[in-house]
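Numbering (the numbering used here), first residue to last: 1 to 330. Beta carbons are placed, not taken as given, at the ideal position from N, Cα and C, and that holds for glycine. These numbers come from a predicted model, not from an experiment.
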Amino acid sequence: MRVTASAPAKVILFGEHFVVYGEPALVMAVERRVYVSTEPRTDCKIYIRADGIGASGYYSGEALRTFEAEMGGREAQDRLQPIKVVIEHALRLSKKKVGLNVIVKSAIPVAAGLGSSAAVAVATAAAVGRVLGLELSREEVYQIAYEAEKVIHGTPSGIDPAISTYGGTLIYRRGEGVKPLTLEVEVPLVIGNTGLSRSTGDLVARVRRLKDRYPSIVEPILSVGGKIVAEAIMALKAGDLEALGNLMDINHGLLSAVGVSSGPLERLVYAARRAGALGAKLTGAGGGGCMVALTATGDLDKVARAIEEAGGETLTATRAKEGVRIEEQR
Ligand code: PMV
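In structure tokens, the structure reads:
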């Protein structure tokens with residue numbers, strides 16, 4: 001049997017970083033997907049190939065501890081580790097002793113704040129689970145992917161695997177899970193990628209250090225971040241895009257305050273604002289990666305051009321209604 005599953009990328013509209021500390025966040029799935037195909041092997045090896053991160057290789061032996069790189073040299077093992085963790089988890093649940101080929105194809109830029117690693121983990125859990133005959137619920141797919149996220153950075157909030165699993169637009173709060181939000185209005189968004197990759201774990205650690213050192217200053221910032229999300233939900237429900245834009249600008253200011261913006265991100269944010277965006281902010285972990293701008297309908301192209309002139313690569317952010325899904329099974 002060969003199974004292909006897919007899962008979408010995401011854009012965090014409000015609340016990244018603050019969500020790690022229990023504040024709510026607002027996140028939307030976007031129509032850029034990761035596809036993971038898998039089939040059993042006749043031996044007990046696990047072969048993983050992920051062209052997007054330039055890594056492939058074979059795991060074998062006792063507890064799959066032996067690794068033989070095919071592409072990506074020594075670093076391949078580290079890069080493939082989160083995918084391996086997902087596969088091991090599914091194998092444990094199935095109690096089967098089989099080998100697998102797992103091929104990852106991604107249309108999501110890597111390490112850019114669009115949740116590519118979570119989408120890979122979610123699609124892998126769904127595809128491998130199906131091939132192994134596990135009837136995984138969405139919640140179980142999410143839990144397996146969340147465990148893998150913890151391998152990448154120590155204290156993930158779980159927002160990335162949640163949106164990749166469930167799709168749509170979600171209010172997410174750590175420990176409380178997801179609340180779907182039905183959008184009555186179009187929310188025209190342009191994503192701008194600085195092209196600079198960065199580590200989510202390092203940026204989350206940077207905020208934590210700042211919070212530990214200056215708790216009386218940073219904790220109120222986190223809680224204001226939570227208040228912005230509450231206001232943003234009201235603005236979205238009322239279809240008030242202007243208010244939503246203002247709130248994005250304020251949210252960006254708070255993210256700058258905790259040290260996760262950067263020169264290249266600021267350039268794209270200000271280029272978008274100058275071109276008439278209703279609001280603009282970095283999205284995801286920051287440092288490099290992506291920003292997102294909200295525009296009035298009709299201004300999308302103008303804002304996109306301004307972001308490109310400032311050196312960014314633009315992506316359209318069409319909302320993905322569906323989260324993880326099985327694409328093919330034969
Ligand atoms: O995966 P990224 O880079 O989009 O960042 C995820 C969002 C953070 O809030 C920065 C981290 C987390 O675990 O929620």
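Count the other CB atoms within 10 Å of the CB of K281; is the residue buried (16 or more) or exposed (fewer)? Classification for K281: buried.
According to the Cβ coordinates, are A25 and R319 closer than 8 Å? It is not a contact, given that the beta carbons lie outside the stated cut-off.
Exposed unless 16 or more other CB atoms sit within 10 angstroms - verdict on G113: Counting the other CB atoms within 10 Å of its CB gives G113 a total of 16 or more, which places it among the buried residues.
Is DSSP giving E31 helix, strand or coil here? E31 carries a strand assignment under DSSP once its states are collapsed to helix, strand and coil.
Are the CB atoms of I103 and S60 within a distance shorter than 8 Å? In this structure, the beta-carbon distance from S60 to I103 does not fall below 8 Å.
Is the number of C-beta pairs between the region 180-190 and the region 288-296 that are closer than 8 Å three or more? Touching, per the Cβ criterion.
Through-space distance from N246 to V178, alpha-carbon basis: A direct Cα-Cα distance of roughly 25 Å separates V178 from N246.
Compute the minimum distance between the beta carbon of H17 and the heavy atoms of the ligand PMV, and state whether it is under 7 Å. Yes, Cβ of H17 sits closer than 7 Å to a heavy atom of the ligand PMV.
Element boundaries [beta strand (DSSP E), containing K105]: Where K105 is concerned, the enclosing beta strand (DSSP E) stretches over 99-106.
Bridge partner(s) assigned by DSSP for R319: Note: R319 is bridge-paired with V30 in the DSSP secondary-structure output.
Can G287 and R198 be called in contact, C-beta distance under 8 Å? In contact: G287 and R198 (Cβ atoms closer than 8 Å).
For the alpha helix (DSSP H) that I233 lies in, which residues bound it at each end? Run containing I233: 215-238, per the alpha helix (DSSP H) assignment.
Quick one: residues in its chain with C-beta nearer than 8 Å to the C-beta of G323, no 5 flanking neighbours on either side, listed in chain order? A7, P8, A29, V122, R138, I163, S164, T165, Y166, G167, G168, listed in sequence order.
Measuring alpha carbon to alpha carbon, tell me which residue in I221, T194, K150, M71 is nearest V207. Of the candidates I221, T194, K150, M71, the one whose C-alpha sits nearest the C-alpha of V207 is I221.
With respect to 7 Å, is the separation between the Cβ of P82 and the closest non-hydrogen atom of the ligand PMV below this value? Answer for P82: no, Cβ out of range of the ligand PMV.
V34: CB within 7 Å of a non-hydrogen atom of the ligand PMV: Using a cutoff of 7 Å, the CB of V34 does not count as near the ligand PMV, since none of the ligand's heavy atoms is closer than that.
Hey, out of T314, M291, V218, A107, whose CA is closest to L13's CA? Taking only the C-alpha atoms, the option nearest L13 is M291.
Under a Cβ-count criterion, where at least 16 other Cβ atoms within 10 Å of its own Cβ denotes burial, should S216 be classed as buried or exposed? Burial call: exposed.
G99 and G72 closer than 8 Å at C-beta: No, they are not a contact pair.
Since Q81 and V151 are thought to touch, with beta carbons under 8 Å apart, how far apart are those beta carbons, to the nearest angstrom? Indeed, because the Cβ distance is near 6 Å, the residues count as touching under 8 Å.
Quick one: Cα of Y142 to Cα of P161, how far? Cα to Cα, Y142 sits roughly 6 Å from P161.
Along the chain, which unbroken stretches of the alpha helix (DSSP H) at least 4 residues long are found entirely within the region 126-198? You should have 138-152, 159-166.
Buried or exposed by the 16-neighbour rule on C-beta atoms within 10 Å, applied to E176: Exposed.
Using 7 Å as the cut-off, classify the Cβ of S157 as near or not near the heavy atoms of the ligand PMV, replying yes or no. The answer is yes for S157.
If I measure Cβ to Cβ from R174 and keep anything under 7 Å in the same chain, skipping five residues before and after, which residues do I get? The answer, listed in chain order, is V19, G22, S157, G158.
With distances taken from CA atoms, which of E62, Y58, R74, E75 is nearest E68? With distances taken between Cα atoms, E68 lies closest to Y58.
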